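I have placed the structure first, in the form of C-alpha cells, so that the comments after it can refer back to it.
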Amino acid sequence: MADKETKDAKKAEHLEVMRHSASHIMAEAVSSLFPDVKFGIGPATADGFYYDFDLPRTLTPDDLSTIEASMQKIIASNLPFAREEVEKKTARKIFSAQPYKLELIDELPDKTLTIYRQGSFVDLCRGPHIASTGEVKAVKLLSIAGAYWKGDERRPMLQRIYGTAFETKEELDKYLYRLAEAAKRDHRKLGKALDLFSLHEEAGSGLVYWHPKGALIRHNIEDFWKKEHFKRGYDMVYTPHVAKLDLWKTSGHLEFYRDAMYASMEMEGQDYQVKPMNCPGHILMYKSQLRSYRQLPLRWAELGTVYRWERSGVLHGLTRVRGFTQDDAHIFCRPDQLEDEVVGVVEFALFMLKTFGFNEYDVKLSTRPDKYAGTLEVWEQATEMLKRALARLKIPYEIDPGEGVFYGPKIDIALKDSLGRTWQGPTTQVDFNLPERFDVNYIGEDGLEHRVVMVHRTVLGSMERFFGCLIEHYSGAFPVWLAPVQAVIIPIADQHLDYARQVATELKKEEIRVELNERSERMNLKIREAQLQKIPYMLIVGDEEIASSTVSVRMRNGKTLKAQPLAQFKDRIKKEAETKTEIV
Ligand SMILES: [Zn+2]
Ligand SMILES: [Zn+2]
Numbered sequence: 027m028a029d030k031e032t033k034d035a036k037k038a039e040h041l042e043v044m045r046h047s048a049s050h051i052m053a054e055a056v057s058s059l060f061p062d063v064k065f066g067i068g069p070a071t072a073d074g075f076y077y078d079f080d081l082p083r084t085l086t087p088d089d090l091s092t093i094e095a096s097m098q099k100i101i102a103s104n105l106p107f108a109r110e111e112v113e114k115k116t117a118r119k120i121f122s123a124q125p126y127k128l129e130l131i132d133e134l135p136d137k138t139l140t141i142y143r144q145g146s147f148v149d150l151c152r153g154p155h156i157a158s159t160g161e162v163k164a165v166k167l168l169s170i171a172g173a174y175w176k177g178d179e180r181r182p183m184l185q186r187i188y189g190t191a192f193e194t195k196e197e198l199d200k201y202l203y204r205l206a207e208a209a210k211r212d213h214r215k216l217g218k219a220l221d222l223f224s225l226h227e228e229a230g231s232g233l234v235y236w237h238p239k240g241a242l243i244r245h246n247i248e249d250f251w252k253k254e255h256f257k258r259g260y261d262m263v264y265t266p267h268v269a270k271l272d273l274w275k276t277s278g279h280l281e282f283y284r285d286a287m288y289a290s291m292e293m294e295g296q297d298y299q300v301k302p303m304n305c306p307g308h309i310l311m312y313k314s315q316l317r318s319y320r321q322l323p324l325r326w327a328e329l330g331t332v333y334r335w336e337r338s339g340v341l342h343g344l345t346r347v348r349g350f351t352q353d354d355a356h357i358f359c360r361p362d363q364l365e366d367e368v369v370g371v372v373e374f375a376l377f378m379l380k381t382f383g384f385n386e387y388d389v390k391l392s393t394r395p396d397k398y399a400g401t402l403e404v405w406e407q408a409t410e411m412l413k414r415a416l417a418r419l420k421i422p423y424e425i426d427p428g429e430g431v432f433y434g435p436k437i438d439i440a441l442k443d444s445l446g447r448t449w450q451g452p453t454t455q456v457d458f459n460l461p462e463r464f465d466v467n468y469i470g471e472d473g474l475e476h477r478v479v480m481v482h483r484t485v486l487g488s489m490e491r492f493f494g495c496l497i498e499h500y501s502g503a504f505p506v507w508l509a510p511v512q513a514v515i516i517p518i519a520d521q522h523l524d525y526a527r528q529v530a531t532e533l534k535k536e537e538i539r540v541e542l543n544e545r546s547e548r549m550n551l552k553i554r555e556a557q558l559q560k561i562p563y564m565l566i567v568g569d570e571e572i573a574s575s576t577v578s579v580r581m582r583n584g585k586t587l588k589a590q591p592l593a594q595f596k597d598r599i600k601k602e603a604e605t606k607t608e609i610v
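Adding 26 to a residue's 1-based position in the sequence shown gives its number in this note's numbering.
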C-alpha cells in the first residue's frame, strides 16, 4: 500500500517535471517561428502546461500545428537540459532582449540565478527538468487564450498556449477522449440544446431561469428529496428571502461573510438584507417557543433560495452562480445527540448520491480557518466529533486544513461523475457558535437551560450546481424517473394518428410523461429528433401495431425491443420510474 503510494507520488512528480519541461520545448519552437517573441512564464498545471508569449500577431489554430511539429523535432533530437548558475548581472545580459524575464530577474532576491539551456534555447528557471527533450513521450497543444502579464489587467495582454504531455500515447489519447467527451457534455451547451435553463445578462449574471423541462426535472428531484426527508424524521419549513440587517449582525455574517453578500437596502429608514444563508430564519422559529430536551433533535429542512456575491470572472453556468437554492436543513440537538446526527446526515447524503448513480466520492474534513468565531477548545471538540463520526461510518477521508466555515468544522463530499471528474457536493457543518450568538437553548432533564448544538447540512449541495453536475454526468440522457419526457409516440403515417392518440391517453392515465409527434414528417426524422432530445423511449405505431394492438419500442441508444402489448411497456416504464433504475 505504502509502496504503491510512493510510486504514485513519484509518477505524479515526474509527470509534472516532464510537462514543465515540455513548456520549455514549446517556447523554443515558438521562438523559431517568431524570432522576436518576448517570453512570459511557462509552468506545469494540474493537467498539462502553458507558456505566455508576447507576439507580433495573433496566433491561429494552424500555428499550433506548426509549433507542435517543431516541438516533435526538438523531442526527436533528444537535446539535454543543461543547468547553469549565473550571477544576476550575467543573467541580465543573457535576457537583455526579454523585458518580462528582466522584470523577474530584478524581483528575485538571490545573487545567483539558474538558467537552463536546451539546444540554442535558454530560459530563466529554477527547475527541475527532465534530463533531455526525448523524455517527453506524448505531447499535444490544446488551445490559445489571452492572459495578462502577472494576471494584472493594467499590464500587457499576452498569448497563452495550453498543452499537455503524458508518459504514453495511450494515456494522452485517453485524456483527449475525456476532454472531447466533457466538451460534448458541457451543461451550458446541453442546457440550451435540451431547453432546460437559461441565464440572461440583461437580468444579471449568475441568476438562473429554469425552463419547463429543467423545472420538471428539478420538481422530480425536490419531490424525491422531500419524501426522503420525511422518512428520516425531518419537517419542512419556509422562510422569507429578506430580513433586517441587524439579524445578520447578530449571526456574525456581517463580520465574517460580508464579501459574499449583496449590499443591504434601506426601506423606511431600516436596512434590510437579502439572505445569503437560511440559518438565522430557522433559529428564529426555534426560539418562538420554549423547547424541552424531549423534543430534540428537531430537523428542519428547507429548499431555501439564497443570494451570494461572486465576482463576474468566476461565474460559470450553473456551477458558480449568484442566486441558488440550497437543499438546506438545520438540526437542533443536545450535545449527546450530535455524533449520531452527523452519522445520520452523512449516511443520508451518500444514499442520495447513490440514487443518482454517483458511487465514488472524496470526503474531506475541513478544519478551523484563520477567521473564526468561538473558542479553540470548542473547535477542537467539534473536529474530534466529526472524526469519530467518520470512523463509525468507516469512510476514508482527508483533512483540508483551514477550510472550515467561520462557525465550525465541516465534512464535504465531492462526488465523481461518470467521466471521473469531481464536483462539490453535500456538506455537513457543526456549529456551536450561532446558538451562542442567538442564545438558543433547551430545558434539560434538570429543569435548567442548556445551549443547543446546530448542524447545517445539504445532501445534494445546491439545486443549481447539482443540476449542472447531473446534466454532465448523464450527458443529458436523464433516467426515466427524471426525464421530462419519458416516451414519445411516433405514428408512421397520418392514418395511424387515431391509434397513436389512444396510446398517449392510456399512458397519461398512468402518469407517464408522454409526447405525441403529430407532425407529418418522415419517421426517421422523428426518431432522430427524439434521439437528439435524449427521450428514453420511442413508441412506433403503424399498420402492424394497430392490427396486433401493440407498440414497437425503440430506446434512445438505438436498441429496439420486440413489438409488445401496451400493458407490457407500461409495466416496464413504471418499474423503471419507481425503482429509479434503468432496465437494460
Ligand atoms: Zn523550467
Ligand atoms: Zn445554515
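Glycine included, every Cβ here is placed at the ideal spot set by N, Cα and C.
All values derive from a computational prediction rather than experimental measurement.
Shown here, Ala208 sits in a helix according to DSSP, grouped into three states. For ligand 1, no non-hydrogen atom lies closer than 6 Å to the CB of Cys305. Cβ contact annotation for Asp62 (same chain, cutoff 7 Å, sequence separation greater than five): Pro82, in chain order. Comparing alpha carbon positions, the residue from Leu523, Phe382, Phe192 and Ile439 closest to Lys37 is Phe192.
Between the C-alpha atoms of Met411 and Tyr500 there is a straight-line separation of about 36 Å.
The continuous stretches of alpha helix (DSSP H) do not include Leu322, and DSSP gives it neither H nor E. CA-to-CA, the gap between Arg204 and Thr159 works out to about 27 Å. Spatial neighbours of Glu537 in its own chain (CB-CB distance under 8 Å, excluding positions within 5 residues in sequence) are not present. Three or more beta-carbon pairs separated by less than 8 Å link the region 351-367 to the region 297-316, which places the two stretches in contact.
Under a 10 Å Cβ-count criterion, Trp335 is classified as exposed, with fewer than 16 other Cβ atoms of the shown protein chains found around its own Cβ. Contact annotation: the region 466-485 does not touch the region 422-430, with fewer than three C-beta pairs closer than 8 Å. In this structure, DSSP gives Asp297 an extended state, which the three-state scheme calls strand. Spatial neighbours of Glu471 in its own chain (CB-CB distance under 8 Å, excluding positions within 5 residues in sequence) are listed in chain order as Tyr319.
Restricted to the region 242-317, the beta strand (DSSP E) segments that are unbroken, complete and at least 3 residues in length are 268-270, 291-293 and 296-300, listed in chain order. Boundaries of the alpha helix (DSSP H) around Ile101: Pro87 to Ala102. Following the DSSP letters along the chain, one finds Thr409 inside the alpha helix (DSSP H) bounded by residues Leu402 to Arg418.
Contact check between the region 263-276 and the region 504-515: fewer than three CB pairs, one atom from each, fall below 8 Å, which does not count as touching. At least 7 Å separates the beta-carbon of Pro435 from that of Val485. Sequence-distant Cβ neighbours of Val43 in its own chain, meaning closer than 7 Å and more than five residues away, are Pro154, His155 and Ile156.
Bridge pairing for Ala55: absent [DSSP]. In the DSSP assignment, Pro452 falls within the unbroken beta strand (DSSP E) covering Thr448 to Asp457. Excluding residues up to 5 positions away in sequence, Gln450, Gly451 and Pro452 lie with their Cβ nearer than 7 Å to the Cβ of Gly487 in the same chain.
For Glu541, there is no enclosing alpha helix (DSSP H); the residue is part of the beta strand (DSSP E) that begins and ends at Val540 to Leu542. If you ignore the 5 residues before and after Lys596, its C-beta comes within less than 8 Å of the C-beta of Glu532, Leu533, Glu536 and Ile538, all in its own chain and listed in chain order. Here DSSP, grouped into helix, strand and coil, assigns Ala355 to strand.
Per DSSP, reduced to three states, the secondary structure at Phe377 is helical. At the C-beta level, Lys64 and Tyr126 come within 7 Å of one another. The residues Arg582, in chain order, have a CB closer than 7 Å to that of Gln557 in the same chain once the five nearest residues on each side in sequence are set aside. Within the model, the alpha-carbon separation for Leu310 versus Glu373 is close to 28 Å. Listed in chain order, the non-local C-beta contacts of Phe492 below 6 Å within the same chain comprise Leu486, local neighbours out to five positions each way being set aside.
Burial check for Met291: the Cβ neighbour count within 10 Å stays below 16, so the residue is exposed. Remark: fewer than three beta-carbon pairs, one from each stretch, lie closer than 8 Å, so the region 200-220 and the region 102-120 are not flagged as touching.
The closest heavy atom of ligand 1 lies less than 6 Å from the beta carbon of Cys151.
Counting along the chain, Lys552 sits inside the alpha helix (DSSP H) bounded by residues Met549 to Leu558. The three-state secondary structure of Leu150, taken from DSSP, is strand. Going by DSSP, Asp78 is part of no alpha helix (DSSP H) but of the beta strand (DSSP E) stretching over Phe75 to Asp80.
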